[in-house]
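Numbering (our numbering), first residue to last: 84 to 256.
Presented below is the structure to which this report refers.
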Amino acid sequence: MLHARIEDRGKHADYLLAVGRARAAGRTPPARYRVRWRDESGTSHSLSVPTLHLAAAARADIAHGRAPVTLNRLVDHWSSLPVQSTRPGAPRFPNRRPLDLHVLPRLGRRLAITITRADVERLMADLHAEGRLSVTTINGILAALKRVLELGVRNRHLPCNPAFGIWPLPRPA
């Protein structure tokens with residue numbers, strides 16, 4: 084069992100300076116809480132998250148031996164599970180190609196626990212603003228991403244699904 088600790092950087096001078104710079108530039112401020120731990124080999128690791136709730140969830144995962152996973156690994160696990168089907172024959176697997184093309188290049192290396200609702204909404208807005216994809220395709224990408232993140236919730240890698248409650252884009256008339 085690993086020991087992890089939560090550090091609140093809310094009153095650190097360097098954190099307050101970074102928050103001031105980010106707000107002045109119109110960017111999202113850095114994460115306030117940091118979870119630190121050492122693995123079995125003695126290597127130090129840290130994870131920055133915006134809320135105490137997420138930090139506590141990450142610490143609980145680490146304490147139970149489940150290291151935080153990236154979105155890439157979560158998609159790999161999701162795509163390896165067969166889809167429930169009533170048709171006989173070989174099992175079918177989910178189509179991960181839209182996620183490989185449009186989501187993983189932008190969010191794949193991030194730890195799944197650090198992905199927020201704002202990140203998912205920004206991804207959807209960016210895909211729509213590019214104008215290369217139809218609204219139906221973008222909504223399909225959102226649906227697949229919701230299923231991946233829901234698997235993360237079921238496997239206790241995430242405390243909640245950040246894509247839950249995001250409505251699909253309306254289809255043009």
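Just so it is clear, CB atoms sit at the ideal spot from N, CA and C, and this is done for glycine as well.
Item to complete: Please determine, among 123, 136, 119, the residue with the shortest C-alpha to C-alpha distance to residue 129.
Response: Of 123, 136, 119, the smallest CA-CA separation from residue 129 is found for 119.
Discussion item. Closer than 8 angstroms is the cut-off here; do at least three beta carbon pairs connect the region 182–191 with the region 130–150?
Written reply: Short answer: they don't touch.
Fill in: Close Cβ partners of residue 218 (< 6 angstroms) along its chain, the five nearest in sequence each way excluded
Cβ-Cβ distances below 6 angstroms link residue 218 to 252, 254 in the same chain, with the five nearest sequence neighbours on each side left out; the list follows chain order.
Item to complete: In angstroms with no decimal places, state the Cα-to-Cα distance between residue 159 and residue 153.
Response: Straight through space, the alpha carbons of residue 153 and residue 159 are spaced by roughly 10 angstroms.
Discussion item. Considering only their Cβ atoms, is the gap separating residue 131 from residue 117 smaller than 7 angstroms?
Written reply: The answer is yes: Cβ separation under 7 angstroms.
Worksheet entry | Per-residue DSSP class, three states only, for residue 199 | Reduced to three states, the DSSP call for residue 199 is coil.
Worksheet entry | Under 7 angstroms between C-beta atoms of residue 165 and residue 171 | The Cβ atoms of residue 165 and residue 171 do not sit closer than 7 angstroms to each other.
Discussion item. Does residue 93 pass the burial test, meaning 16 or more other C-beta atoms within 10 Å, or should it be called exposed?
Written reply: By the 10 Å Cβ count, residue 93 comes out exposed.
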